[in-house]
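Enquirer:
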Amino acid sequence: MRSPAAICFEIHRPLAIEEVQVAPPGHGEALVEIVASGLCHTDLTALDGVNATSVYPLIPGHEGAGRVVEVGEGVYDLNPGDHVIPLYGPECRNCRMCMSGRTNLCWTIKPTRDRGVMPDGTSRFSIGSQPVHHFMGTSTLSRYTVVPEIALAKIRKDAPLDKVCLFGCGVTTGVGAALAEIREGDAVAVFGLGGIGINVVQGARLAGAGRIIGIDVTDGKSGMARSYGMTDFVNASREGDKVVQAVRDLTNGGVDVAFECTGIVPVMRQAFDCCQPAWGTAVLLGVEPPGAEMGFPPVGVRYGRTIRGSYFGGVKGRSGLGKLIDSYMDGRLDLERQITHCLTLDEVNRGFDLMRAGTSVRSVVHFE
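Residue numbers (the UniProt record's numbering): 1 to 368.
Spelled out as structure tokens, the structure:
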């Protein structure tokens with residue numbers, strides 16, 4: 001099968017829109033027709049060459065939704081016509097991680113996924129005799145993609161695919177982390193009001209947070225954040241090195257939970273420092289540069305502060321994503337307002353330019 005796709009041949013170059021050959025799904029795999037794909041900052045890390053698991057040429061995209069077209073041998077829970085969301089974090093349900101009850105991580109296919117190939121060690125994409133690599137095991141910026149069954153969440157068919165594609169990353173990461181970490185009445189800080197941060201805000205509202213403080217370098221996203229439940233805003237550019245003190249002043253000493261959504265290491269430290277001593281928790285969501293390290297005084301931890309990470313909001317994709325989609329379909333979660341730009345595949349480079357300029361929250365590429 002031939003498919004239009006956005007291809008990254010080299011870093012720091014615009015994506016090329018070309019036709020690729022897509023091989024049939026192998027054992028335990030499904031061929032998916034993508035209807036829409038959101039553009040996420042993690043895609044940008046592949047384009048800029050700072051993603052250690054990127055093998056070029058590759059097809060980016062990991063925030064998509066579509067329909068199953070064909071299934072390979074050994075696929076048991078999916079059928080042609082099913083609506084699905086590809087998962088960069090699979091759920092095999094059989095490994096030690098899946099069965100632990102302690103994590104949503106599943107590293108069953110991580111070794112091959114991180115080399116840009118399928119579990120059998122080969123790619124399903126090619127141009128002529130040249131293989132084109134998968135990205136994050138999903139490659140949703142191709143009209144057709146092949147994904148392992150354990151990395152596909154089957155969803156209800158009445159959910160609009162051009163909206164719920166955002167559950168493939170940003171919405172689930174933000175809302176899921178907030179629901180997992182926040183107690184009713186908590187004071188919360190959200191560092192970075194992009195696609196993930198804005199969803200931490202609406203997740204914090206759903207969790208019953210008493211105060212939600214947004215921190216960003218510009219005022220541009222504060223309006224949307226307020227509409228999602230933000231109660232206070234701190235402009236980090238204006239406050240400079242007084243950001244932590246500004247948050248402490250608003251909360252009588254520190255927040256109960258701080259979420260870091262930028263991937264910038266000094267901002268991670270700010271999130272830790274603005275937490276309430278004795279019980280405050282800093283939750284890291286942003287993706288840091290390769291090799292980055294973070295330092296903090298051990299006394300802060302000994303006195304009770306916690307620092308932890310969250311992957312995909314702590315949500316198990318195949319078994320847990322449906323509940324979040326139900327919340328959207330029931331009107332408790334908003335997606336429409338955060339979709340600031342709708343684009344065709346030919347406009348995908350413009351979408352990443354908007355992301356770099358900070359003028360979009362989420363751009364969505366429509367294939368139909």
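Where is the CB? At the ideal position from N, CA and C, for every residue including glycine. Bear in mind the structure is a predicted one, so any value in this text is a computation, not a measurement.
1. Per DSSP, Glu260 is paired with what?
2. Fully enclosed by the segment 42-110, which beta strand (DSSP E) runs are 3 residues long or longer?
3. Which residues in the same chain have their Cβ closer than 6 Å to the Cβ of Lys154, if we skip the five residues on either side of it in sequence?
4. Pull up the DSSP beta-bridge partners for Pro131, would you.
5. The alpha helix (DSSP H) spanning Ser139 covers which residue range?
6. Go ahead and label Asn51 buried or exposed: buried means 16 or more other beta carbons lie within 10 angstroms of its beta carbon, across all protein chains shown.
7. Give the straight-line distance between the Cα atoms of Thr251 and Glu10, rounded to the nearest whole angstrom.
8. Does the separation of the CB atoms of Leu78 and Glu149 fall below 9 Å?
9. Count the CB pairs spanning the segment 253-267 and the segment 187-195 that are closer than 8 Å, and state whether there are at least three.
10. Distance check for Asp353 and Phe135, CA to CA, integer angstroms please.
11. Only counting the same chain, and skipping five residues up and downstream in sequence, which positions put a Cβ closer than 6 Å to that of Thr306?
12. When you compare each of Phe233, Ala292 and Val20 to Ile212 by their alpha carbons, which one comes out closest?
13. Which residues in the same chain have their Cβ closer than 8 Å to the Cβ of Asp219, if we skip the five residues on either side of it in sequence?
14. When you compare only the Cα positions, how much space is there between Leu39 and Val364?
15. Rounded to the nearest angstrom, how far is the Cβ of Gly317 from that of Pro277, given a contact under 8 Å?
16. Quick check: what's the CA-CA separation for Ala32 versus Val147?
17. Using 10 angstroms around the beta-carbon of Asn199, count the other beta-carbons present and answer buried if the total reaches 16, otherwise exposed.
18. Can you confirm whether the segment 201-208 touches the segment 176-185 when touching is taken to mean that 3 or more C-beta pairs between the two stretches lie within less than 8 Å?
19. Could you check the C-alpha separation between Gly121 and Thr112 for me, to the nearest Å?
20. In angstroms, rounded to a whole number, what distance separates the CA positions of Arg226 and Ile215?
21. Please report the residue range of the beta strand (DSSP E) in which Leu345 lies.
22. Mind reading off the beta-carbon distance from Ile7 to Asp346? Whole number of angstroms is fine, and I expect it under 8 Å.
23. With DSSP as the reference, label Phe167 as helix, strand or coil.
24. Would you say Gly168 and Thr138 are within 9 Å of each other, going by their C-beta atoms?
25. In terms of DSSP beta bridges, what is residue 456 paired with?
26. From what residue to what residue does the alpha helix (DSSP H) around Ile198 run?
27. Check each candidate in Val257, His133 and Ser237 and name the one with the smallest Cα separation from Asp114.
28. Leaving out the 5 sequence neighbours to the left and right, which residues in its chain are closer than 8 Å to Val71 when beta-carbon positions are compared?
29. Quick one: what's Val234 bridged to in DSSP?
30. In three-state DSSP terms, what is Glu181?
31. Going along the chain, which residues of its own chain have a beta-carbon closer than 6 Å to the beta-carbon of Gly286, five neighbours each way excluded?
32. In whole angstroms, what separates the C-alpha of Asn94 from that of Lys323?
33. According to DSSP, is Val175 part of a helix, a strand, or is it coil?
34. Three-state secondary structure (DSSP) at Glu239?
Expert: Quick answer:
1. Phe191 and Leu284
2. 64-71 and 83-86
3. Asp82 and Val84
4. Ser126
5. First-last for Ser139: undefined, no H or E at that position.
6. buried
7. 47 Å
8. yes
9. yes
10. 20 Å
11. Thr281
12. Phe233
13. Phe233 and Asn235
14. 6 Å
15. Not really, about 36 Å apart at Cβ, beyond 8 Å.
16. The sequence as given places Val at residue 32; Ala does not occur at that position. So the two alpha carbons sit approximately 7 Å from each other.
17. buried
18. yes
19. 6 Å
20. 12 Å
21. Neither: Leu345 is in no beta strand (DSSP E) and is coded neither H nor E.
22. In fact, because the Cβ distance is near 13 Å, the residues do not count as touching under 8 Å.
23. helix
24. yes
25. Missing from the structure shown is residue 456; the chain here goes from 1 to 368 and no further.
26. Gly197 to Ala207
27. His133
28. Pro25, Glu29, Ala30, Leu31, Leu78, Asn79, Pro80 and Glu149
29. Ile215
30. helix
31. Glu260, Cys261, Thr262 and Gly263
32. 22 Å
33. helix
34. helix
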